[in-house]
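Start counting the sequence shown at 79; every next residue gets the next number (the numbering used here). Just so it is clear, CB atoms sit at the ideal spot from N, CA and C, and this is done for glycine as well.
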Amino acid sequence: MHGKVYIVGAGPGDPGLLTVKAIRAIEKADVILYDKLVGDEIIEMIKQMNKKMIYAGKRSNERGLERQKEINELMKKYALEGKIVVRLKGGDPFVFGRGCVEAEFLSKEGIPLEIIPGVSSINSVPAYAGIPLTHPELSSSVLVVTGRDDIEAWKQTPLQGTIVILMGRDTLPGICEKLINAGRGPSTPVAVIEKGTTREQRVIIGVLEDIVEKVRRAKLKGATLVVVGDVVNFSNILNGSKKI
C-alpha cells in the first residue's frame, strides 16, 4: 500500500515564513527528507517533533545526477512502505530547485504526491532587507537568474529593471564586470544579502564597481542573494537590519 510524498517549500529560512499547509504536512509526516538550504531554526523545530529526519541535500561539488537518483529512491522506498514523506526544500520547490524533477519521477512511479509551494527567497530576502523589487518610478520589471548562468544567456533582456541573482557569491566579480560591459552603469546600486530572513542576516550595500571588494572584506560564508538596481537604495530607508 502506497504512502504519499509531499514536496514542500520551506521558505528562505525564517520559521515564521513556513506556510500553514507546510506545517500541517510536516506534523503528519513519518519521514522528513530535507535539503541543505532549509533554515537551521526550521530543522531544530522539526527535531523537537521527534520526526525521522534524513539529510537529502547536495554539495556544490557533488555529483548531482547520481545524488538525485539516490534521493528519488529514498522517496520511493518510504512511500512504498506506506509512509507519509515530506521532501522539504528551501524556498519554493519549483523555483531554481529540482522539485519538478522529483515530482516527475514520483508521477512516473505511480506514487501519490502533492506540491506545497513555499515563500521564495527571490522576493522575501530583499523584502527583509528593505528592498522592493519594483517601484512605479524606478523599476517595472524583474529579471531572475542564477550566478552560475553566463550573462550572455540573458543580456538581451532589458537591463534597466531589477536583477535578482541567486547563488551569485562566487561569480560576483565576473557578473559585475559583464553587467558594466553590457551597459549597466558602474554606479548602479547592488545589495548582497547573506542568510536572508534569518537572525544572522547581513546586508552589504555598494555599487557595481565596488561591491566585490566590500563582499571580500565581509568574508561571507552563508547562502547569498544579490539584487542589482536603483531599488537597492530603499534598503537604507525601509530597513534597520545590519548593513556593511
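- Within the same chain, Cβ atoms closer than 7 Å to the Cβ of A181 are found at I85, L191, I193, the five residues on either side in sequence being excluded.
- With at least 16 other beta carbons inside 10 angstroms of its own, M153 counts as buried.
- In the same chain as G284, and ignoring 5 residues on each side of it, the C-beta atoms closer than 7 Å to its own belong to V268, K292, in chain order.
- The DSSP-derived three-state label of A107 is coil.
- Under the three-state reduction of DSSP output, S217 falls in the strand class.
- When the Cα atoms are used, P195 and V98 turn out to be separated by approximately 11 Å.
- The alpha-carbon of G160 is positioned some 7 Å away from that of K82.
- With a 10 Å radius around the Cβ and a threshold of 16 neighbouring Cβ atoms, G142 comes out exposed.
- Shown here, R280 sits in a strand according to DSSP, grouped into three states.
- Within a 10 Å sphere around the beta-carbon of T275 sit 16 or more other beta-carbons, which makes this residue buried.
- I189 is positioned such that its CB atom lies no closer than 8 Å to that of K106.
- Between A207 and S199, the alpha-carbon positions lie close to 12 Å from each other.
- In the displayed model, G239 falls within coil according to three-state DSSP, outside both helix and strand.
- Under a 10 Å Cβ-count criterion, K125 is classified as exposed, with fewer than 16 other Cβ atoms of the shown protein chains found around its own Cβ.
- The three-state secondary structure of R165, taken from DSSP, is strand.
- Between Y133 and the set G117, I110, E122, E272, the nearest pair of CA atoms involves I110.
- Beyond the five residues adjoining it in sequence on each side, A100 comes within less than 6 Å, by CB distance, of V86, I194 in the same chain, given in chain order.
- Comparing C-alpha distances from V179 to each of V220, E148, L115 shows the shortest one belongs to E148.
- Excluding five sequence positions before and after G91, the CB atoms of its chain that fall closer than 6 Å to its own CB belong to G117, T275, T276, given in chain order.
- When C-alpha distances from L166 are compared across D113, L298, V306, the shortest belongs to D113.
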